[in-house]
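Student:
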Amino acid sequence: MTKFPHFIGGKRVEGRSGRFSDVFEPMTGEVRGQLALASRAEVRAAVENAKAAQPAWAATNPQRRARVLMKFLDLVHKDYDALADLLAREHGKTIADARGDIQRGLEVVEYSIGAPQMMKGEYTEGAGPGIDIYSMRQPLGVVAGITPFNFPAMIPLWKCAPALACGNAFILKPSERDPGVPLRLAELFLEAGLPAGVFNVVNGDKEAVDAILTDPDIRAVGFVGSTPIAEYVFKTATAHGKRAQCFGGAKNHMIVMPDADMDQAVDALIGAGYGSAGERCMAVSVAVPVGEKTADALMQKLTPRVESLKIGPSTDPSADFGPLVTKEALQRVKNYVEIGVKEGAKLVV
Numbered sequence: 001m002t003k004f005p006h007f008i009g010g011k012r013v014e015g016r017s018g019r020f021s022d023v024f025e026p027m028t029g030e031v032r033g034q035l036a037l038a039s040r041a042e043v044r045a046a047v048e049n050a051k052a053a054q055p056a057w058a059a060t061n062p063q064r065r066a067r068v069l070m071k072f073l074d075l076v077h078k079d080y081d082a083l084a085d086l087l088a089r090e091h092g093k094t095i096a097d098a099r100g101d102i103q104r105g106l107e108v109v110e111y112s113i114g115a116p117q118m119m120k121g122e123y124t125e126g127a128g129p130g131i132d133i134y135s136m137r138q139p140l141g142v143v144a145g146i147t148p149f150n151f152p153a154m155i156p157l158w159k160c161a162p163a164l165a166c167g168n169a170f171i172l173k174p175s176e177r178d179p180g181v182p183l184r185l186a187e188l189f190l191e192a193g194l195p196a197g198v199f200n201v202v203n204g205d206k207e208a209v210d211a212i213l214t215d216p217d218i219r220a221v222g223f224v225g226s227t228p229i230a231e232y233v234f235k236t237a238t239a240h241g242k243r244a245q246c247f248g249g250a251k252n253h254m255i256v257m258p259d260a261d262m263d264q265a266v267d268a269l270i271g272a273g274y275g276s277a278g279e280r281c282m283a284v285s286v287a288v289p290v291g292e293k294t295a296d297a298l299m300q301k302l303t304p305r306v307e308s309l310k311i312g313p314s315t316d317p318s319a320d321f322g323p324l325v326t327k328e329a330l331q332r333v334k335n336y337v338e339i340g341v342k343e344g345a346k347l348v349v
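So for the sequence shown, the numbering used here puts the first residue at 1; every next one is plus one.
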């Protein structure tokens, strides 16, 4: 059975809290590993490592920081197949979706490589009598990201790449459901030349989250997840003097007009509703056809397309979508279907 530790100070660190969480294989429902859940003391150890490493990283000129990100990109591309396979096995999404997950994260790394240009300050001569004005950009220090299960590569890279490019040290608290990819990314950052302690991974539950939100040395927090938790993270972080950027859940609607190209509309619905098994923030939750004729035409086209979709193991290249991440997630979907039928909805497929 795989043991998932933390990554602190440039190396994997076994958990010492005595608390663990099972990591499941979505394709079988079997336990594939155990995840160490960090205590407040372990989060603090990560913060101290980050705090010690950050000044030297901030003093490294932006061009050299960008070169580390370039090397990281190269290493991820070399490890792409293995990363995608690991991601698919832990999350349940297909290999194609897993590769897309990684690619979208790398796009933000590529953007962050441009930090030397974006971080330039400004100078204004003669802003007033005997007054010149200049601006400069400085890193905050130690910052943190709390990320969800549905994009275990993309969203951590969204959070950490700009922070690292700007000279900050970063602490990642990924989802407990698919921790393998974040740990591997940490190793690749180290291999790319990122100094030990600049990027740390602490696995955990609410205890770890609260430790991050209340630690006085963490200056900013980024979060992606459900709306209730986003509200909690924002209120707690800001109450402790931190900058906070919190993305909550979304309900996305697709309006289908009477003159719409129905084939194109169906393609869009299939991609938005079934891609990554619907486990993504931008999944279409509600389709709104305008008029009964539009609804009938849409259902006539949509029903056979949905019925033809192939559900299979995430490692099956012919599968259109794989399993949901846990049996609890599957039961939640079934419950929503039952609620819809009880409220008068017609179950089409």
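Heads up, the beta-carbon is just placed ideally off N, CA and C, and yes, glycines get one too. Here the structure is a predicted model, which means the values were calculated and not measured.
In whole angstroms, what separates the C-alpha of residue 298 from that of residue 86?
Tutor: Here residue 298 is taken as the residue at index 298 of the sequence shown, counted from 1. Here residue 86 is taken as the residue at index 86 of the sequence shown, counted from 1. Computed Cα separation, rounded: 37 Å.
Student: Under 8 Å, do residue 142 and residue 19 count as touching if we go by C-beta distance?
Tutor: Within the sequence shown, numbered from 1, the residue matching residue 142 stands at position 142. Within the sequence shown, numbered from 1, the residue matching residue 19 stands at position 19. It is not a contact, given that the beta carbons lie outside the stated cut-off.
Student: So what's residue 11 in DSSP terms, helix, strand or just coil?
Tutor: Locating residue 11 in the sequence shown gives position 11, where the first residue counts as 1. Residue 11 falls in the strand class under three-state DSSP.
Student: Tell me whether the beta-carbon of residue 36 lies closer than 8 Å to the beta-carbon of residue 203.
Tutor: On the sequence shown, position 36 is the one that residue 36 refers to. On the sequence shown, position 203 is the one that residue 203 refers to. Contact flag set, yes.
Student: Can you tell me where the beta strand (DSSP E) with residue 172 in it begins and where it stops?
Tutor: Counting from one through the sequence shown, the residue named residue 172 turns up at place 172. It spans 169 to 173 - the beta strand (DSSP E) in which residue 172 sits, taken as one unbroken run.
Student: Just the Cα atoms here: how many angstroms apart are residue 21 and residue 34?
Tutor: Taking the sequence shown and counting its residues from 1, one reaches residue 21 at position 21. Taking the sequence shown and counting its residues from 1, one reaches residue 34 at position 34. Between residue 21 and residue 34, the C-alpha separation is close to 6 Å.
Student: How about residue 289 and residue 283: are their beta carbons less than 8 Å apart?
Tutor: Your numbering for residue 289 matches position 289 in the sequence shown. Your numbering for residue 283 matches position 283 in the sequence shown. Not closer than 8 Å, so no.
Student: Could one say the Cβ of residue 198 lies closer than 8 Å to chain D's Cβ atoms, at least one of them?
Tutor: Among the chains of the structure shown, chain D does not appear; only one protein chain is present.
Student: Which class does residue 315 belong to by DSSP, given the choice of helix, strand or coil?
Tutor: Counted from its first residue, the sequence shown places residue 315 at position 315. Residue 315: coil per DSSP, three-state reduction.
Student: When we look at the beta-carbon of residue 350 and count the other beta-carbons within 10 Å, is it buried (16 or more) or exposed?
Tutor: As displayed, the chain neither begins before 1 nor continues past 349, which places residue 350 out of reach and without an answer.
Student: Could you name the residues of the same chain whose beta carbon sits closer than 6 Å to that of residue 312, not counting the 5 residues immediately before and after it, in chain order?
Tutor: Reading the sequence shown from its first residue, position 312 is the one you call residue 312. Cβ within range, chain order: 319.
Student: Start and end of the alpha helix (DSSP H) containing residue 160?
Tutor: Counting from 1 along the sequence shown, the entry for residue 160 is found at position 160. That run of the alpha helix (DSSP H) goes 154 to 165.
Student: Between 13, 267, 258 and 285, which has its C-alpha nearest residue 308's C-alpha?
Tutor: What you label residue 308 is simply residue 308 of the sequence shown in a count that begins at 1. The shortest C-alpha separation from residue 308 is found at 267.
Student: Under DSSP, the alpha helix (DSSP H) around residue 2 begins and ends at which residues?
Tutor: Against the sequence shown, residue 2 aligns to sequence position 2. Note, residue 2: premise wrong, no alpha helix (DSSP H); beta strand (DSSP E) at 2 to 4.
Student: Alpha carbon to alpha carbon, how far is residue 301 from residue 263? Give it in angstroms, no decimals.
Tutor: On the sequence shown, residue 263 is found 263 positions in, with the first residue counted as 1. On the sequence shown, residue 301 is found 301 positions in, with the first residue counted as 1. Cα-Cα distance, rounded: 7 Å.
Student: Considering only the alpha carbon of each residue, which of 42, 259, 248 and 59 lies closest to residue 13?
Tutor: The count along the sequence shown starts at 1 and reaches residue 13 at position 13. Selected option, being the one with the closest Cα: 42.
Student: So what does residue 123 bridge to, in DSSP terms?
Tutor: On the sequence shown, position 123 is the one that residue 123 refers to. DSSP, once it has assigned bridges, lists 134 as partnering residue 123.
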